[in-house]
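Asker: Okay, handing you the structure first.
2 protein chains.
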Amino acid sequence: MTYTYTYPHPAVTADIVVFSVEDDRLKILLIRRKEDPFQGQWALPGGFVGIDESIDDCALRELEEETGLSGIYLEQLYTFGTPDRDPRERVISVAYFALTPMTGLTLKHGSDAMDAQWHDIDAQPELAFDHGAIIRLARERLTAKLDYSTVGLKFMPAEFTLSDVQSLYETVSGQARDKRNFRKWILSLDILEETGRKKSDGAHRPAMLYTLKTPAEIRMIK
Amino acid sequence: MTYTYTYPHPAVTADIVVFSVEDDRLKILLIRRKEDPFQGQWALPGGFVGIDESIDDCALRELEEETGLSGIYLEQLYTFGTPDRDPRERVISVAYFALTPMTGLTLKHGSDAMDAQWHDIDAQPELAFDHGAIIRLARERLTAKLDYSTVGLKFMPAEFTLSDVQSLYETVSGQARDKRNFRKWILSLDILEETGRKKSDGAHRPAMLYTLKTPAEIRMIK
DNA sequence: TCCGTTAGTGTTTTAATAACACTAACTAGT
DNA sequence: ACTAGTTAGTGTTATTAAAACACTAACGGA
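Structure follows, in structure tokens:
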């Protein structure tokens, strides 16, 4: 089966930069390519947009197929379209960025598909295509959005402590924050709710667990 | 000549929302379609991405071809890709937004190409495709960026007064600003330079003319 | 020369942000 | 059972940034 057009068409892919946080380090999810071009190299999860599929749906589907992740937060980032970014044919990539808590995730790993693996943001392997540039832009956007939206809470699991949130913000932005001011600020946004339960994991005072009042919502700040 | 692929490819267009300001009103540039689909209706300038052309270049070229504008400020906005947005075939649109001063522009008008015409943002005709939604998003982005970047100055001609700038900001954001605070603020950004010349256009005190220190630069604020 | 109109200029008040140090609650080790 | 170690939790003051506010200057036209 072939498809014929009266003028040339580019291929279009969706590629996803998935961020998460573990052990106070920002991580991204990469897959190892098992086919040419760039066989064996690390790349962003992603793939070609189906002809009857929205780009958003494509991103969700490819992420599920290649990494096993589903139901996580996705946002369109930017479209990369220089003519020579893929050696095979003209490929335009609609890049997404995604945030997920690390807790309770299981990656497709060593399966028939590709290996998916978390990598420290500051210790990336060499990447296929222009995926390095895509990741740089995604990281810029992430740190920027942390300041003017509540998107950062997408890194949090269902229940979390205020110290968890502060440590997250410090990890992603790379700068320490005053404890009292941070807690005043995050609570003033009026998006968190005490659960009544507490988390005790060690020889110290247990911390109150919070949830998001409306988990789906992302508020713009200021 | 035809082009054949082993799996179906979407078409990709670049479409541009060009904003300008005239008589204290925000305007957008539309063209009247002379071909189906949506023949005779108004639409955004734009067209198909050449197979060896970057998307940015396509946006610049189409804008020039369809409206006569060149060398104006362009920024990628968002990529629209729901499967049914064009009745002919699957078309993915990479939307741009553009800002230009109105002074000294001449549009292609009634030529062999399409009619290009400025429309008040709040008095748009019915639009082809999903271009109405694209314009809404572009406007949101414009008002947002006005607050956290100096992109608004792309509306200004080579020389302008501080009152011109204030009136621009009031027009785009829709809210009045205190004169003294506005002037303190815009000067504190350290991006304007007195020319020494003054503009006198009426029976009142002439105003100092300013230029941008570095016209190409766009600063993020705060 | 008077009137209408827009340009230009500082100070005070108010609100937001940043700095800062101790007590509480728990566990593990003695 | 008490001590040491560790993280949670809490208000007040100082500093900085933003908002409010009214008059004089310069010009052209009547």
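Each protein sequence line maps, in turn, to chains A and B. Going by UniProt numbering, the letters in the first sequence line up with residues 1 to 222, in that order. Going by UniProt numbering, the letters in the second sequence line up with residues 1 to 222, in that order. Where is the CB? At the ideal position from N, CA and C, for every residue including glycine.
On the CB-based measure, 16 or more other CB atoms within 10 Å of its CB, does residue 157 of chain B come out buried or exposed?
Answerer: exposed
Asker: Pick from B:217, B:97, B:63: whose alpha carbon is nearest that of residue 106 of chain B?
Answerer: B:63
Asker: Based on Cα-Cα distance, which residue from A:189, A:168, A:163 lies nearest to residue 205 of chain A?
Answerer: Closest by alpha carbon: A:163.
Asker: What three-state label does DSSP hand residue 201 of chain B in the structure shown?
Answerer: coil
Asker: Pull out every residue of the UniProt domain "Nudix hydrolase" (7–142) of chain A whose Cβ sits closer than 7 Å to any Cβ of chain B, in chain order.
Answerer: 7, 8, 9, 10, 11, 12, 49, 51, 52, 53, 54, 55, 76, 78, 79, 81, 82, 83, 90, 92, 94
Asker: For residue 214 of chain A, which option in A:161, A:151, A:61 has the closest C-alpha, if you only look at C-alpha atoms?
Answerer: Proximity to residue 214 of chain A across A:161, A:151, A:61 peaks at A:151, based on C-alpha coordinates.
Asker: How long is the line joining the alpha carbons of residue 56 of chain A and residue 176 of chain B, rounded to whole angstroms?
Answerer: 39 Å
Asker: Ordered along the chain, which non-local residues of its own chain (more than five positions away) have a Cβ less than 8 Å from that of residue 168 of chain A?
Answerer: Excluding positions up to five away in sequence, the list reads 21, 152, 155, 156.
Asker: Does DSSP classify residue 91 of chain A as helix, strand or coil?
Answerer: Here residue 91 of chain A sits in strand by DSSP.
Asker: Considering residue 219 of chain B, what are the terminal residues of the beta strand (DSSP E) in which it resides?
Answerer: Careful: residue 219 of chain B lies outside any beta strand (DSSP E) and carries neither H nor E.
Asker: Can you list, in chain order, the residues of the segment 146–164 of chain B whose Cβ is nearer than 9 Å to any Cβ on chain A?
Answerer: 148
Asker: Residues of the segment 202–213 of chain B in Cβ contact with chain A at a cutoff of 9 Å, in chain order, please.
Answerer: Taking a C-beta cut-off of 9 Å against chain A, none of the residues of the segment 202–213 of chain B qualify.
Asker: To the nearest angstrom, report how far apart residue 196 of chain B and residue 49 of chain B are at their CA atoms.
Answerer: 45 Å
Asker: So, for residue 220 of chain A: in the same chain, excluding its five sequence neighbours on each side, which residues have a beta-carbon less than 7 Å away from its beta-carbon?
Answerer: 148, 149
Asker: So, at 6 Å on beta carbons, what are the nonlocal neighbours of residue 131 of chain A in its own chain, with the 5 sequence-adjacent residues on each side left out?
Answerer: 43, 44
Asker: Under DSSP, the beta strand (DSSP E) around residue 9 of chain A begins and ends at which residues?
Answerer: No beta strand (DSSP E) holds residue 9 of chain A; DSSP gives it neither H nor E.
Asker: Between residue 93 of chain A and residue 18 of chain A, what straight-line distance do the alpha-carbon atoms span, to the nearest angstrom?
Answerer: Approximately 16 Å, taken between the alpha carbons.
Asker: Mind checking which residues open and close the beta strand (DSSP E) that includes residue 27 of chain B?
Answerer: 25–32
Asker: According to DSSP, which residues form a beta bridge with residue 76 of chain A?
Answerer: A:96
Asker: Within the 8 Å Cβ cut-off, does residue 169 of chain A reach chain B?
Answerer: Chain B places no beta carbon closer than 8 Å to that of residue 169 of chain A, leaving this residue out of the contacts.
Asker: Within 10 angstroms of the Cβ of residue 125 of chain A, are there 16 or more other Cβ atoms? Answer buried if so, exposed if not.
Answerer: exposed
Asker: Straight-line CA distance for residue 66 of chain B to residue 11 of chain B?
Answerer: 19 Å
Asker: Tell me, please, whether the CB atom of residue 2 of chain B is closer than 8 Å to any CB atom in chain A?
Answerer: yes
Asker: Taking the runs of the alpha helix (DSSP H) that are 4 residues or longer, which of them lie wholly in the segment 117–204 of chain B?
Answerer: 131–148, 162–173, 179–188
Asker: Measure how close the beta-carbons of residue 54 of chain A and residue 83 of chain B come, nearest whole angstrom, since I'm counting them as under 8 Å.
Answerer: 6 Å
Asker: Quick check: what's the CA-CA separation for residue 217 of chain B versus residue 189 of chain B?
Answerer: 12 Å
Asker: Residue range of the alpha helix (DSSP H) that residue 211 of chain A falls in?
Answerer: Unbroken run through residue 211 of chain A is the beta strand (DSSP E), 207–212; no alpha helix (DSSP H).
Asker: When we look at the beta-carbon of residue 14 of chain B and count the other beta-carbons within 10 Å, is it buried (16 or more) or exposed?
Answerer: Under this definition residue 14 of chain B is a buried residue.
Asker: Indicate whether residue 120 of chain A and residue 27 of chain A have their beta-carbon atoms separated by less than 8 Å.
Answerer: yes
Asker: The alpha helix (DSSP H) spanning residue 67 of chain A covers which residue range?
Answerer: Counting along the chain, the alpha helix (DSSP H) containing residue 67 of chain A begins and ends at 55–67.
Asker: Can you grab the Cα-Cα spacing for the pair residue 32 of chain A / residue 68 of chain A, in whole Å?
Answerer: 14 Å
Asker: My understanding is that residue 116 of chain B touches residue 29 of chain B, with C-beta atoms under 8 Å, so please give their C-beta distance in whole angstroms.
Answerer: Right, their Cβ atoms sit about 6 Å apart.
Asker: Within its chain, find whatever has a CB closer than 7 Å to the CB of residue 191 of chain B; leave out the 5 residues flanking it on each side and keep chain order.
Answerer: Cβ neighbours of residue 191 of chain B beyond the five flanking positions: 150, 212, 213, 219.
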